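Counting in my numbering, the sequence shown runs from 68 upward without gaps.
Idealized CB from N, CA, C, for every residue including glycine.
Quantities reported herein were computed from a predicted structural model and do not represent experimental measurements.
This report concerns only the one structure given below.
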Amino acid sequence: MTDTPLIKVDNLSFRYGSENVLENVSFDIHAGEFVGIIGPNGSGKTTLLKLLLGLLPTQQGSIQIFGKSVQIGTYGKYVGYIPQKVTQSETRFPITVREVVALGRVHPDRILQPLGTKDKKLISEAISAVELSDFSNRLLSELSGGQQQRVFIAKALASEPKLLILDEPTVGIDVQSQETFYRLLSSLNKDKGLTIVIVSHDVDVVMNEVTTVLCLNKTLIYHGNPKTFLKEEYLEQLYGKNRRFIIHGH
Ligand code: ADP
């Protein structure tokens, strides 16, 4: 086991035009962590993810993932990314669950190659990991929002990621499916050792599942254990007095 952080962010600042969105943000994420990024609307969470993924250029400071500086336009084959509202944009096509997951095996350097035995095995395993084996040949559009979101997790898993990055993955999904979804993430983290970084506004749920909280409000307000975070009452500062948070012991 090595101590090299999987993600290393140093003094990161970012602005859109004249608006400062991130200021001097620094943190490390190590392999095996399940990290929840929280913060009020407009606090820079999505911007931070986009910077981690190379979807926005680094303006100031540095980001290293797997020991390498992030390159604009590519987030590498070890990273599985599940963007916001992915389901709504892709469900219009007549595509089956298995076909979506198979896209996880398509890399730019081998786009025209047929899927091999290893690919097919990884696709089946990924579908099984999200408990959708019975739905493999169904059209994506026939699945519920929660099931669709699990299909996109399977697509990411099929690419054999070491790091899974998710942006508000449960928007528009009912509460019960949200719980199933977070349990799935938690088991991928605990059982398969997958490192997960998730942006979410489901603060209550996130607090109960993650090993590490990053709380942003332009600057990094808190980085550490979710239980200590609650004690320090940062949430009241950020979200107002009337929110209640429930945290269960693990
Ligand atoms: P969060 O994900 O925490 O809601 P964002 O990172 O989406 O926050 O946004 C942070 C701030 O940057 C907000 O004030 C938002 O309006 C602004 N912003 C986000 N994207 C853009 C953009 N493409 N152009 C200009 N301003 C943006």
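Take THR113, set aside five residues on each side of it, and the residues of its chain with a beta-carbon closer than 7 Å to its own are ASP234, VAL266, in chain order. Distance from the C-beta of SER85 to the nearest heavy atom of the ligand ADP is not below 6 Å. Residues of the same chain with a CB within less than 6 Å of the CB of VAL272, apart from the 5 flanking positions on each side, are TYR249 in chain order. If you look at ILE265, you'll find it in the beta strand (DSSP E) that goes 262-266. With a cutoff of 6 Å, GLY103 does not count as near the ligand ADP, since its C-beta is closer than that to no heavy atom of the ligand.
Between GLY128 and ASN78, the CB-CB gap stays under 7 Å. For LEU73, no alpha helix (DSSP H) run applies, since DSSP gives it neither H nor E. In this structure, VAL168 lies near ILE194, with their beta-carbon atoms less than 7 Å apart.
By the criterion of at least three beta-carbon pairs nearer than 8 Å, the stretch 79-93 is in contact with the stretch 128-141. Rounded to the nearest angstrom, the Cβ distance from ILE232 to LEU116 is 6 Å, consistent with a contact under 8 Å. For the options LEU224, LEU251, GLY213, VAL264, the alpha carbon positioned closest to that of GLY239 is the one of GLY213.
Counting only runs of at least 4 residues, the stretch 133-204 fully encloses the following alpha helix (DSSP H) elements, listed from N- to C-terminal order: 153-157, 164-169, 184-196.
Taking 7 Å as the cut-off, the Cβ atoms of THR279 and VAL102 count as close. Relative to the non-hydrogen atoms of the ligand ADP, the Cβ of VAL88 comes within a distance shorter than 6 Å of at least one. With respect to the C-alpha of GLU90, the residue from THR286, LEU179, LEU297, LEU305 having the closest C-alpha is THR286. According to the DSSP assignment, VAL218 belongs to the alpha helix (DSSP H) that extends over 212-225. Counting along the chain, LEU118 sits inside no beta strand (DSSP E); it lies in the alpha helix (DSSP H) bounded by residues 112-119. Assigned with DSSP and collapsed to three states, GLU246 falls in helix. Within 6 Å of the C-beta of ASN91 there is not a single heavy atom belonging to the ligand ADP.
Scanning its chain for C-beta atoms nearer than 7 Å, with the 5 sequence neighbours on each side dropped, one finds no residue around VAL173. Counting along the chain, VAL280 sits inside no alpha helix (DSSP H); it lies in the beta strand (DSSP E) bounded by residues 279-284. In the three-state reduction of the DSSP assignment, ASP271 falls in the helix class.
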